[in-house]
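Protein chains in written order, with the numbering used here: chain A, 118 to 694; chain B, 118 to 694.
Okay, structure coming up:
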């Protein structure tokens, strides 16, 4: 059933599942579950939702992705950047803490799931490519800074708000005098502890001779330790009465069946944010899945990934969650812990379901500051300014795109940041192609190969000008070539033939066709031949549909060497006439 | 003074001016002046301005363009499309017929002039290339239909309004019962007469043996004859009292010194329309200028043209005009009448100045219907639906761009029409480059040339896969190549080396560099060599700044033939091991 199996990858790995794979998947699931409990609560906080939403968003989505997704190791659920985007989008239509807010988050997941599903069925996965690597890197870095800053209010125990860095900083400064010192102590200690776990625990355990798997487990359990310690402290010393904000009552239940809001007003307001979240979530998820798949010589199918992530988001929409995607940290942990198949995800979902039913009363006294510390430590790993240095050295256009994305994301919010990064990347690309490099080429001695006369020692012939056009010819640069040929031909007095070497011309659109016709016409008037060489198949197919081929004031040569043989040698004797 | 002369082309032709050139220029100026008097009045009507604005807009701008412009034959002044755009833009900020309307038109000219000047000084003429030929053709055609329709109300003598075709048609139908039959008779007769002059007078005169120059003159004077006849008729029969709308009093004066409105609100509202008008006007003007220059083996400098047109618009802003550009009809007439230098334009300006002082009282009884007839006959020449057939045959993407531009211009107005045409062209281009053509190539027997294995009979070697990537590698298609190479290599079992033939790769941006690094990494893990061939100079310069060249799991060959020699032959014996 290959055609059916295409949409249900589970049929592929499911029939080969064995005891060894089961054991590996169970161990991986245990480690991931322990890591996910505090993380899910924390990301729900970041998204402005009640803590259980984070847990619910990790259960049905994981199961659905296990059925429809193609990556063996990807762990789907709430992630930092998407949580931030959710807070931004939903905050525009509802007040945090209201029932409308949670319903709008469901709607956002529904729209996002529907859009991803649609993109997958239409096989539009390539659209994600409009986000260039520098724009993604800049966006993730700026988001990390934004997210970490947004959590400072929980560490300080003050009420602050804002969606941009200046707004947040001003708001925090304005409320600084309300700082709750106990909260600050808890938050500061938790942050310091988690940083230490992240950076130093593993090597320390290694020096003590702890087995690798146990060391791994202990490191991953760091956040759990912070959660347990601070919760017990708040409970034991009654700190909630002294102004420390706590998670409070969390319903003790499996994910509920929920209905997203479907009013046309809500759908209209959330459509664009949902598309943005879908694309960013998809790009993040595919990057992770591809990286992990490559390590095991597996491949993922981006269009099927869209369907898997779409199903996961639809699941989140109907089970009290909010938009989800494949997370980097959790997926890597899952992979490193030895997950072999998507069944590991199913077991994680089971673990979280047990936690939702059995453990939620225990987090009543968990201080928000601890969750904020978890988020800060997690997202500062996303901040990577090295992309600035790398792109500066390689390409100024890419550097400009990174800087613009970072500054606009920090200064004007995530949506404007991504949009301006994408728009600028496209404009810079168009600008570059609008003034293409055109090389005058000659024959490399002893070969049939032609290269730039300014870079290589080559044979040339004064009566024959060969221009290698290093760009597809389309409207943005059509007129450029007209001017260039005109200029070159009026400069050289003895020119009898012009060859346009089309080895790098991958398209000739209608505007460019008209320009070529104009060039042909002018050169004919001047008594100069116009020839083409090395025209590729697809371009030739198209040119044959025009009059250019018939009207051409010259010939079309298969290779530039053929053109040289025909035009350079035959002209040399004539030059002596 | 070459550097100074660059900005003042008048210094170039001025010093070589002689008696013969003077005579030619004077004759051309006379013919153009006679044609321009009714046309200027008519276009002012189209722009919603008092008739004298059209004359004023033809005087100072012509003089300024003569000093700063590079085309010898271009005639600058009000043109149909720009008049329509002016009516649309100014209509959004002021009511027609008010003083604020005329002031806003001056502001539009000021902004447009400033923008053109700035583009010229920054040498940004290439920006005009974003308007592809199909988009321009579609836009001009749709504008012609819109303009002709907008004049129907003057032919019928009814009040109607609207900026889109449906709006106009509905409005005209709603007012149809108010039709003034005398106006309709005048308008209908004038239209029929002008069509006859345009199509049949010249051949008829030829058959009668009229000398060519006289025939030319009589044909161009057709609108003047219509103006004189209908004006006299209205005056003689007192038709103005019977509901025929007339031009009315026109001040008898040289162009006045005027001050554009400078309130930030007005500037803000008109900035985008001014940019649009500038770009469209520039494109129209440059196309005309290039066509005419090519006929005399002259060249125009697009960046200097921006300065010339910018100066012309600034002139219009301070002398009671409105946005101007180089017009097709008037420029062709000027050229055909033998204009040799921009001095012909100066003489035309003189003729119009005399007309503004001496002839304006005579047009008092000129019916608007005659001016409308002049416009209709002029603009229907712009309507050319053959672009639909041409692009359909050549390229569906271009066809879609034309159709979209036409439909959106007619249905949603000129600004939306152009914007959607440009946006769609760019998106279609990006879409095409996102899934590039990649050919697997082999050696054409008896040559050193490599072509597509599916199109040509070529030699190949099973251990060596050579992929010719037919597109620049950048973010939009970076991931595509990753997938493609991965797929091709996992398919063929005996593959030892992959050569990426970069003859058509004109750029490798940072995203693509990362993809190449990923490909390199994966192929190394699989024990397969990755090589590049025919990397162009500029691309190689950039790659050298990255780690890819050092880390490459293979070599970089100057030519594909070198790669073949090194990899195909050396591998063949090994295959027998």
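For glycine and all other residues, C-beta sits at the position ideal for the given N, C-alpha and C. Only a predicted model underlies this, so the values are computations on that prediction, with no experimental measurement involved.
Identify the continuous alpha helix (DSSP H) that holds residue 422/B and give its terminal residues. 419–435
Please classify residue 179/A: is it buried, with 16 or more other beta-carbons within 10 angstroms of its beta-carbon, or exposed? So residue 179/A ends up on the buried side.
Distance cutoff 8 Å, beta carbons only. Does residue 683/B sit that close to anything in chain E? No chain E is present in this structure, whose protein chains are A and B.
At 4 residues or longer, and completely inside the segment 125–196 of chain B: list those alpha helix (DSSP H) runs for me, N to C. 127–131, 136–163, 168–173 and 177–185
Minimum C-alpha distance to residue 719/A - residue among 325/A, 521/A, 337/A and 588/A: Because chain A here runs from 118 to 694, residue 719/A falls outside it and cannot be looked at.
Is the number of C-beta pairs between the segment 456–470 of chain B and the segment 135–144 of chain B that are closer than 8 Å three or more? yes
State the beta-bridge partners of residue 559/B as determined by DSSP. 568/B
May I ask you to list, following chain order, the residues of the segment 245–279 of chain B that have a beta carbon less than 7 Å from some beta carbon of chain A? Listed by position, the residues of the segment 245–279 of chain B near chain A (Cβ gap below 7 Å) are 246, 247, 249, 250 and 251.
Nearest-angstrom Cβ-Cβ length linking residue 433/B and residue 161/B, presumed shorter than 8 Å: No, residue 433/B and residue 161/B are not in contact; Cβ-Cβ is about 12 Å, not under 8 Å.
For residue 586/B, report the span of its beta strand (DSSP E) as first-last. Start and end: 581–586.
Inter-residue spacing [alpha-carbon to alpha-carbon] between residue 643/A and residue 579/A: Answer to the nearest angstrom: the Cα atoms are 17 Å apart.
Under 8 Å by beta carbon: chain A residues contacting residue 587/B: In chain order: 623, 653 and 655.
Three-state class that DSSP yields for residue 628/B in the structure shown: helix
Rounded Cβ spacing between residue 361/B and residue 294/B (contact assumed at less than 8 Å): Residue 361/B to residue 294/B, Cβ: 18 Å. No contact.
Taking the C-alpha atoms as reference points, what is the distance between residue 613/B and residue 554/B? If I take the Cα positions, the gap works out to 23 Å.
Residue 271/A lies in the alpha helix (DSSP H); which residues open and close that run? 250–273
Measure from the C-beta of residue 593/A to each C-beta in chain B and report whether the shortest distance is under 8 Å. yes
Among 143/A, 149/A and 155/A, the one whose alpha carbon lies nearest that of residue 479/A: Taking residue 479/A as reference, the option from 143/A, 149/A and 155/A with the minimal CA-CA separation is 155/A.
Relative to the C-alpha of residue 566/B, which residue among 405/A, 680/A and 517/A is closest? Comparing Cα positions, the closest option is 680/A.
Should residue 627/B be labelled buried (16 or more other beta-carbon atoms within 10 Å of its own) or exposed? Here residue 627/B is buried: its Cβ has 16 or more other Cβ atoms, across all protein chains shown, within 10 Å.
Using only the alpha-carbon positions, how far apart do residue 453/B and residue 330/B sit? Their Cα atoms are separated by approximately 10 Å.
Helix, strand or coil at residue 614/B [DSSP, three-state]: strand
For a quick check, are the C-beta atoms of residue 263/B and residue 539/B less than 8 Å apart? no
Within 10 Å of its beta-carbon, does residue 238/A have 16 or more other beta-carbons around it, so buried, or fewer, so exposed? exposed
DSSP three-state call for residue 554/A: helix, strand or coil? Residue state, collapsed to three classes: coil.
List, from N- to C-terminal side, the beta strand (DSSP E) runs of 3 residues or more that fit wholly inside the segment 619–664 of chain B. 646–650
What's the C-alpha gap between residue 181/A and residue 625/A? If you draw a straight line from the Cα of residue 181/A to the Cα of residue 625/A, it comes to about 45 Å.
Using 8 Å as the limit for Cβ to Cβ distance, is residue 564/B near chain A? yes
Alpha carbon to alpha carbon, what distance is there between residue 582/A and residue 531/B? 43 Å
Quick check on residue 503/B: buried or exposed, where buried means 16 or more other Cβ atoms within 10 Å of its Cβ? Counting of Cβ neighbours within 10 angstroms places residue 503/B among the exposed residues, the total staying below 16.
Is the segment 212–230 of chain B touching the segment 506–516 of chain B, taking contact as three or more C-beta pairs under 8 Å? no
For residue 195/B, is the classification buried or exposed, using 16 other Cβ atoms within 10 angstroms of its Cβ as the cut-off for buried? buried
Anything in chain A within Cβ reach of residue 670/B, meaning under 7 Å, just list it in chain order. Near residue 670/B there are no residues of chain A at all, since even the closest Cβ is about 15 Å away, more than 7 Å.
Own chain residues within Cβ distance below 8 Å of residue 163/A, not counting five before or after: Excluding five sequence positions before and after residue 163/A, the CB atoms of its chain that fall closer than 8 Å to its own CB belong to 197, 200, 201, 204, 264, 267, 268 and 492, given in chain order.
For residue 339/A, three-class secondary structure by DSSP: helix
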